[in-house]
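Numbering-wise, the sequence shown is residues -8 to 327 according to the numbering used here. Inspection log for the structure reproduced underneath, given as structure tokens.
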Amino acid sequence: MLVRIARWCFQNPRKTVAAWVAVVLAVFAAAGLVGPSFYAELEAPDSDSRNGFEVLEEHFGGLGSGLSGSIVFRSESGVDDPAVRAAMEAMFEQVDAFEGVTVTSPYAAAIPPPDAAQPPTRSLPHAPGRPQVSTDGLVAFASIDLSPELDFNETSALGGEFADLAPELPGLTIEIGGEALSEFEPPQAEFIGLAFAVVVLIVAFGSVMAMGLPIAIAAAGVGFGLGVAMILSNVLTIPEFATTIGAMIGIGVGIDYALFIVTRYRDGLAEDGEVEPSIFLAMDTAGRAVIFAGLTVVISLLGMLFMGLPFITGLAVAAAISPRQRVTSMRSRTKA
């Protein structure tokens, strides 16, 4: 069967490539219409942490069960300087007014010293009765508790809005702290991996043309897998990092499988100099091995379905899309 598919693709290369381009574009168009709905919160049902969050929700209105951050400030004249205190308290009031945000000010009533009979608790050095103020009175911080209904994307945007509210006074430095409030963009590791793969393949093949096929198949496969994952995220619990995992696996197996078939084809071409028989031989040998290897990867990834965790199920499905699509595409695009 592989030989028959290879023969048709070899005889109709334009139709084969056009069909795959149409499929990838259709997936991207569908993904653009429905939009992604990735899951940002990772929850394990019936776990101790989940039960603890439910207690906080029931008895404390969810306080402490969401993400958190802090507003750290330093004043050369001291945090208790009247002008500094007035400016910072005004900022805290503005931040606290945001929906789903609760601020604990360092200017709250001092905590009475603990009973001498109680063992002392370990904490950072701070002013007596004021755990959010440094011992020298120059640095302090306000704690920010965020509602569990706010996801990471929403809290990251809030961090920028909080920073815009910071007052400007001589000698006053203010920083917004906490991962939840940071606007961090992770590096695009996929492009770095592709760049290294390009260099390695050029050295191995000694030809830009021969290098281009494995890279093109891997890149198209990553795009296809990302589009399908975006669509499925609307019906399955797929975590945000699933696309990175899928891209990592897709680039690896895409280049590896295409390289395997291309190498076998080049070996056959070097032996008899005939293009068509070399393609059929490569697909009948290396092609079969690629199908078996790809299906093994897919089955292994789908084994995570038995863990019973919704976000792991979504991760398994999203990650399995890439190698499954590579197996399908290898049977047609490589020959074309």
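We treat Cβ as the ideally placed atom computed from N, Cα and C, and that holds for glycine.
Distance between beta carbons of residue j and residue i, contact taken as under 8 Å
i    : j    : result
L141 : S59  : That belief does not hold up - the Cβ atoms of L141 and S59 are roughly 11 Å apart, past 8 Å.
I135 : V86  : 7 Å
T95  : A133 : 6 Å
Y30  : G299 : Wrong, their Cβ atoms sit about 16 Å apart, outside the cutoff.
V189 : I208 : Between I208 and V189 the Cβ distance is about 13 Å, and since that is not below 8 Å, they are no contact.
S61  : G169 : 6 Å
S28  : S224 : 5 Å
R121 : P97  : 7 Å
Beta-carbon spacing of residue i, residue j below 8 Å
i    : j    : result
V124 : V70  : yes
A211 : V15  : yes
A309 : G197 : no
D252 : A273 : Correcting the residue type first, residue 252 is Ile in the shown sequence and not Asp. Result yes, Cβ atoms of I252 and A273 sit closer than 8 Å.
F1   : E267 : yes
I222 : A22  : yes
G184 : I242 : yes
M82  : L156 : yes
P301 : T228 : yes
Residues near residue i by beta carbon distance below 6 Å, same chain, minus five either side
i    : result
M295 : I303 and A307
L217 : T234
L292 : A307, A310 and A311
V63  : F132, E166 and G168
I246 : A188, P205 and A209
L260 : S269
Cβ-based neighbour list, residue i, same chain, cut-off 8 Å, excluding 5 preceding and 5 following
i    : result
L149 : F89, V92, L137, L141 and L172
D72  : S66
E145 : none
V25  : M221, I222 and N225
Residues that residue i bridges to, as DSSP identifies them
i    : result
I62  : A133 and I167
P73  : In DSSP, P73 forms no bridge with anything.
T234 : T234 is not bridged to any residue.
V94  : I135
Y30  : P230
V124 : A131
Other residues of its chain near residue i: CB distance less than 7 Å, five sequence neighbours each side excluded
i    : result
Y256 : S269, I270 and A273
F187 : none
> Three or more C-beta pairs closer than 8 Å, one from the segment 150 to 163 and one from the segment 63 to 78: is that the case here?
Replying inline: Counting Cβ pairs under 8 Å, three or more are found: they touch.
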